[in-house]
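Remarks on the structure that follows.
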Amino acid sequence: MTDSGAYRRAYDAAATDPDAFWLDAARAVDWTVPPTRALDSSRPPFYRWFPDGELNTCVNALDRHVASGAGDRVALIHDSAMTGTRASYTYAELLDLVARFAGVLREHGVGTGDRVVIYLPMIPEAVIAMLACARLGAVHSVVFGGFAAKELAARLDDAAPVAVVTATGGLEPGRTVDYVEPVRTALALSTASPSAVIVKRRTEIPAEVPADWVDFDDALAAASPADPVAVAATDPLYVLYTSGTTGKPKGVVRDNGGHAVALTWSMRAIYDIGPGQVMWTASDVGWVVGHSYIVYGPLFAGATTVLYEGKPVGTPDAGAFWRVIADHDVRVLFTAPTALRAIRKVDPDAALLASYDTSGLDALFVAGERLDPDTFAWASRVLDRPVVDHWWQTETGWPICANLRGLEPMPIKAGSPTVPVPGFRVAVVDASGGPVPAGTEGSIVVELPLPPGTLTGLWNDETRYVESYLSAFDGYYLTGDSGLIDEDGYLTVLGRTDDVINVAGHRLSTGSIEAVVATHPAVAECAVIGVHDETKGQKPSAYVVLKAGADITEDQLRTDLIAAVRADIGAVASFKDVTVVAALPKTRSGKILRKTMRQMADGAEVVVPSTIEDASVLDALAEAFRGRV
């Protein structure tokens, strides 16, 4: 890490005088009541930012750009490879749609602090609905459309929304995904009683919808626009649910003020994106990446954001990403390693890249899972652009570590997301919370207080927030990842320390998958682990011990379990691997040795715990792994 320069000055300023640093950053945000204080530390560990400030997030995303004369600038490009259509919305056009949909929500009882659950595919209505909630000071909770009814119901129960916004369905290569039935089933399963379900009827997906659901387009056409509502900086903007190790989703809460300040600062300092420049984040609005860098970050910056409905391959080919970059003059692409691996698998030499003019691309940013050195080298070679790995989480909302392209670009090291972003004081500690020497693996933690834009807690559950993130090491936020910091101050993230796996950028609890597998009448016990997958990063793999006398073939069991996981968890789990074994390795206290199983499955060096009950079980299990994963 350099001892001088723009990065070091910013990092030191944020660490030594965070009030001054973040109040200065806050000047880039439009406030109804500007804050005079940055950090409120009166109730640790529940730190809050800009406690006396008031603002509206939608105003910062749209109104202020229109007011400054930039209303004709393109704010949003929708590119659907699934329908072959494209649409562009200027800041003025998008503001009109958002204000009128805010009027629709207001007419159906949505007010400041009320929740709205959004269950939509990658269509402009998703962005419109999110910003409309922000305009009213309401709290949105976006649920990825691939989740099953049971998962949606759990989120409805927790959020207790006043309204639900959905569509007749989503589009995938070769199939359509019905949204009406999962929403209807989830509402039946849930204790929530929203006053309205608003549905976007997609012409590509006609469907019978309940008579009392509200038609999105009809309501929008008849609505009067709603004015923005100023809220406290500390008021919640959204709740985004992430998998917990218990299987019960955790509702991560993001506030309005800290979120606006952090993302506005990050757009220039990290991504080097400003007004009129095009950023494409190839993610989904159901994930934090979509919240931060499809919707809010680019619009805060006055940039143009691309909303893409399609896949990296198969829509129609492995040149899809290069086509989007060329068509829309994309300056920065942000995607997950999974997408790059999928493209490389189909087009290993990137032959299709030559068909497109990607000269406007400045950098490729990658996050969501570990960027393996092979994929990094391939992308760097074929694009001949900086490939910037950076690391963050749903909980943090923006990067913890990055190569800050707009502040001070640094040398790139394969396998490292570079250095801590100003505001994040990152450390690697041992089991007792003590610092470890440079280059030594340990638990990655962040010193409290966390900077603006990070989670302020979990929805309706302060106790779980403290237990999940703040109780392991006093004074630190536990990231749940292990890693090391080298002599140059570069961080390397090695993997999760818990049993949440990362499937193509989607965090899923192996415990919740196990719970489904265990319900099968033929299953005596089971373990689900995450194993390496060339395309998705990780995939869940189940190892099952049958009940005595169970009369079922392994093929039939696999079919049953795949269907059950799809119904309860959703297709995003990508669950396909089921292996019947005689026994599972356990400690003498009965704990299944999942870490040991993961080591065996991935071909790593196996460290057999001294507490193992029967080491011979590992020999039998090794035979089961061969050729299975």
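Throughout, our numbering is defined as the position within the sequence shown, counted from one, plus 848. C-beta: ideal position from N, C-alpha, C; glycine also.
- In this structure, the CA atom of Y1119 is about 16 Å from the CA atom of D1177.
- Below 8 Å, enough C-beta pairs join the stretch 1174 to 1188 and the stretch 1208 to 1218 to call them touching: three or more.
- Fewer than three beta-carbon pairs drawn from the stretch 1286 to 1298 and the stretch 1359 to 1379 are found closer than 8 Å, and the two stretches are therefore not classed as touching.
- In this structure the stretch 1268 to 1280 does not touch the stretch 1062 to 1076; the number of beta carbon pairs closer than 8 Å is below three.
- For the pair of segments examined, the stretch 972 to 980 was found to touch the stretch 937 to 952: the number of CB pairs separated by less than 8 Å reaches three.
- Nearest C-alpha to L1155 among R963, G1162, H1139: H1139.
- Ranked by how close their Cα comes to the Cα of D1220, the residues S1207, T1206, L1231, V1235 have V1235 in first place.
- From the listed residues V1028, S1114, S1038, the smallest Cα separation to P1058 is found for V1028.
- Pairwise C-beta distances place the stretch 1309 to 1321 out of contact with the stretch 904 to 920, as fewer than three of them are shorter than 8 Å.
- Between A874 and F898, the CB-CB gap stays under 8 Å.
- Where D1026 is concerned, the enclosing beta strand (DSSP E) starts and stops at 1023 to 1026.
- Remark: three or more beta-carbon pairs, one from each stretch, lie closer than 8 Å, so the stretch 1118 to 1132 and the stretch 1233 to 1253 are flagged as touching.
- Taking every protein chain shown into account, the CB of R896 has 16 or more other CB atoms within 10 angstroms, so this residue is buried.
- Beta-bridge pairing by DSSP links H1368 to no other residue.
- Judged by DSSP secondary structure, D1329 falls within the beta strand (DSSP E) whose first and last residues are 1324 to 1333.
- With contacts defined by Cβ atoms closer than 8 Å, A1431 and V1351 do not form a contacting pair.
- Judged by beta-carbon spacing, A1015 lies within the 8 Å limit of V1047, meaning their Cβ atoms are closer than that value.
- Straight-line measurement puts the Cα of D1309 at about 35 Å from the Cα of D1408.
- The beta carbons of T1345 and S1291 sit closer together than 8 Å.
- Taking C-beta atoms as the reference points, L1332 and T1288 count as a pair closer than 8 Å.
- The C-beta distance from A915 to Y937 rounds to 17 Å, too long to fall under 8 Å, and the pair is not in contact.
- In terms of CA proximity to L1019, R1049 leads the group R1049, E941, A986, T1039.
- In the three-state DSSP reduction, E902 falls in the strand class (E or B).
- Put simply, of V1045, L1405, V1079, A940 the residue whose alpha carbon is nearest the alpha carbon of G901 is V1079.
- When L1255, I925, A876, A1227 are compared, the shortest CA-CA separation from E973 is found for I925.
- The three-state secondary structure of L1306, taken from DSSP, is strand.
- A Cβ-Cβ distance of about 39 Å is found for the pair T1163 and A1370, leaving them out of contact under the 8 Å criterion.
- Distance from the CA atom of I1400 to the CA atom of E1471, rounded to whole angstroms, is 21 Å.
- Looking at the backbone, the Cα of V907 and that of R1406 are separated by about 51 Å.
- In the three-state DSSP reduction, A1390 falls in the strand class (E or B).
- A Cβ-Cβ separation of about 7 Å places F894 in contact with G1305 under the 8 Å criterion.
- A residue is called buried when at least 16 other Cβ atoms come within 10 angstroms of its Cβ; P1259 does not meet this threshold and is exposed.
- Assignment of W879 by DSSP, reduced to helix, strand and coil, places it in the coil class.
- Between the alpha carbons of D962 and V1010 lies a distance of about 6 Å.
- If the five residues before and after S1114 are omitted, its C-beta is found closer than 6 Å to the C-beta atoms of W1246, all from its own chain and listed in chain order.
- Taking all protein chains in view, the Cβ of T1311 is surrounded by fewer than 16 other Cβ atoms within 10 Å, so the residue is classified as exposed.
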